[in-house]
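Participant: Numbers 566 to 624, taken from the working numbering, label the letters of the sequence shown in order. We put the beta carbon where it would ideally sit given N, CA and C, even for glycine. In this text the structure is predicted, and so the values were computed from the model without any measurement. Have a look at this one before I ask anything.
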Amino acid sequence: MNCGSRIKCDNCYGVCPGNAVIKLGPGIRFKLIYDYCEGCGICVSECPCGAIKLEAESI
């Protein structure tokens, strides 16, 4: 997950209660571990760039 923004925030990383967002390295590179995602949407509301979206899981 890389929003491509020059803001270089780590809001999604800091607010995730399930620790689903991990840092890959320097800068703004992140990865989402879907199995850890609780679907709470906090990361979506905290992202200043609107780079994260939640979609209903299809079965």
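1) Pick out whichever of A621, Y578, A616, E620 has its Cα sitting closest to the Cα of G590.
2) Hey, how far is the Cα of E620 from the Cα of I572?
3) Just to confirm my understanding: we take G583, look at its own chain, exclude 5 residues before and 5 after, and list those with CB closer than 7 Å. What are they?
4) Suppose only complete runs of 3+ residues qualify. What are the beta strand (DSSP E) ranges in the segment 572-610, listed by chain order?
5) Use the C-beta contact count for I624: other C-beta atoms within 10 angstroms, 16 or more gives buried, fewer gives exposed.
Facilitator: Reading from the atomic positions:
1) Within the sequence shown, residue 590 is the residue found at index 25, counting from 1. Nearest of A621, Y578, A616, E620 to G590, Cα basis: Y578.
2) The residue labelled residue 620 in the question sits at position 55 within the sequence shown. The residue labelled residue 572 in the question sits at position 7 within the sequence shown. Each residue's alpha carbon lies about 25 Å from the other.
3) Against the sequence shown, residue 583 aligns to sequence position 18. Y601, C602, E603, listed in sequence order.
4) 586-588, 595-597
5) Taking the first residue of the sequence shown as position 1, residue 624 is located at position 59. Flag for I624 reads exposed.
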